[in-house]
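The block underneath contains the structure these notes are about, expressed in structure tokens.
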Amino acid sequence: WGRIAVVEREQAIVDWHRQGPLDRISGAALADPRTQVLHTDLVAHLLTATERYDALCLDIDNGPDWTVTDDNGGL
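In structure tokens:
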């Protein structure tokens, strides 16, 4: 089977999935040995990554203009 790399820049989000209320909801997905969690910015990671990815799934905050962060403007 394949692997999953999760790139997340907010440590709190990772913690919610590892030890917080989302751990149970996500079925402890981050505990699966095929899951790699990278605490970094996605663009920074992609610019330096040597890995190849078959797919990218993005969940970004580019909703109403007032919620868009400058860092995600280019995504």
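For the sequence shown, the numbering used here assigns the number 3 to the initial residue and increments by one for each residue that follows.
Glycine included, C-beta positions come from ideal geometry on N, C-alpha and C.
Below 8 angstroms on the Cβ atoms is my contact criterion, and I expect residue i with residue j to pass it. Report the Cβ-Cβ distance as a whole number of Å.
i: Leu58; j: Val8; result: That pair is no contact at about 11 angstroms.
i: Thr50; j: Ile6; result: The pair is not a contact, with the Cβ atoms about 19 angstroms apart (cut-off 8 angstroms).
Based on the DSSP secondary-structure assignment, which residues constitute the bridge partners of residue i?
i: Leu38; result: Here the sequence assigns Gln to residue 38, which means Leu is not the residue at that position. Its beta-bridge partners are Ala7.
Return the chain-ordered list of same chain residues with a C-beta closer than 7 angstroms to the C-beta of residue i, the five sequence neighbours on each side being excluded.
i: Gly29; result: none
i: His47; result: Val9 and Leu40
i: Arg20; result: Leu32
i: Gln13; result: His41
Going along the chain, which residues of its own chain have a beta-carbon closer than 6 angstroms to the beta-carbon of residue i, five neighbours each way excluded?
i: Arg11; result: Asp43
i: Trp18; result: Leu24
Using C-beta distances below 8 angstroms, list every residue in its chain close to residue i, excluding the 5 sequence neighbours before and after it, in chain order.
i: Glu53; result: Ala7
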